[in-house]
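**Student:** The opening residue of the sequence shown carries number 278 in this note's numbering; numbering runs sequentially from there.
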Amino acid sequence: MLLLSVAFGCSADPGFSGRTAEEWIRQLEQSPDSVERRAAARALGSVLAIHPRSTRVTAALVRALADTSDDVRLEAGTALVQHNRLAPTAVPGLVRLMSDSAHEHTREHAAELLAAVIPENVGDVVSPLIRALEDPSVRVRGAAVRALVRLGEWPQTVEGLRRAAASGGTAAKEGAREALARLARSQVPVHPGER
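#1: Residue 296 lies in the alpha helix (DSSP H); which residues open and close that run?
#2: Can you look up residue 355 in the DSSP assignment and give me helix, strand or coil?
#3: Any chance you could list the alpha helix (DSSP H) runs of at least 4 consecutive residues sitting entirely within the segment 427-458, in chain order?
#4: Should the segment 411-430 be regarded as contacting the segment 358-370, the criterion being three or more beta carbon pairs within less than 8 Å?
#5: With which residues is residue 349 paired in a DSSP beta bridge?
#6: Rounded to the nearest angstrom, how far is the Cβ of residue 454 from that of residue 442, given a contact under 8 Å?
#7: Just tell me which of 383, 397, 331 and 321 has its CA closest to the CA of residue 306.
#8: Taking the DSSP output, what are the residues bridged to residue 333?
#9: Assign residue 394 to one of two classes, buried (16 or more other C-beta atoms within 10 Å of its C-beta) or exposed (fewer than that).
#10: Are residue 407 and residue 446 touching if we call contact CB-CB under 8 Å?
#11: How is residue 342 classed by DSSP in three states: helix, strand or coil?
#12: Residue 384 to residue 301, Cα distance in whole Å?
#13: Report the three-state DSSP secondary structure of residue 410 (helix, strand or coil).
#14: So with Cβ pairs under 8 Å, would you call residue 340 a contact of chain B?
#15: Which word fits residue 295, buried or exposed, when buried means at least 16 other C-beta atoms lie within 10 angstroms of its C-beta?
#16: Which whole-angstrom value is the C-beta distance of residue 392 and residue 424, which I expect to be below 8 Å?
#17: Taking the alpha-carbon positions, what's the residue 456 to residue 416 distance?
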């Protein structure tokens with residue numbers, strides 16, 4: 278009997294803090310209070326840490342990237358980074374967040390989250406991060422540089438940085454040159470089969 282409950286318990290809704298994932302999803306999607314929605318996004322991040330293949334939780338958090346509150350959007354983005362890897366379906370929402378938020382801190386944090394993209398999606402984030410090198414905020418530009426360096430020497434990253442260093446606006450040129458210099462100084466390996 279114990280074996281059956283353990284076996285079936287693994288596939289059950291793990292929930293968090295005494296509530297099921299479904300209850301947290303309802304709160305995230307239906308509460309008029311942004312503080313409650315943010316708490317739900319955080320709780321769902323904990324659920325995802327326990328049950329990383331929960332497509333229902335991942336889908337709810339991806340939808341929350343379009344919330345009217347930047348705090349909820351950031352919490353959802355943070356929840357979608359598990360084991361230092363960003364869920365691929367989160368990339369478009371985080372790119373939008375990085376470009377459409379009026380808040381400097383939000384754009385900065387979105388850029389940092391994009392650096393956790395899986396290798397197959399590097400090409401999806403390089404151009405938006407290079408565009409972020411033109412952001413009016415020095416904090417956002419710095420986050421974009423750090424994100425590009427963290428992505429490493431993928432051909433898309435290096436080529437995009439070289440283009441920005443040669444033909445971007447003043448801020449983009451400076452940021453691209455800084456990122457290229459950091460990549461050159463780092464011990465970040467060139468990815469296999471590249472160059």
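Virtual Cβ for every residue (Gly too), placed ideally from N, Cα, C.
**Tutor:** On the basis of the data shown:
#1: DSSP places residue 296 in no alpha helix (DSSP H); its state is neither H nor E.
#2: helix
#3: Entirely contained in the segment 427-458, the alpha helix (DSSP H) runs reaching 4 residues are, in chain order, 432-444.
#4: no
#5: None, per the DSSP bridge assignment.
#6: 5 Å
#7: 321
#8: According to DSSP, residue 333 bridges with nothing at all.
#9: buried
#10: no
#11: coil
#12: 26 Å
#13: In the structure shown, residue 410 sits in coil (DSSP, three-state: anything other than H, G, I, E or B).
#14: Reference to chain B is not applicable here, since this structure consists of a single protein chain.
#15: exposed
#16: 4 Å
#17: 14 Å
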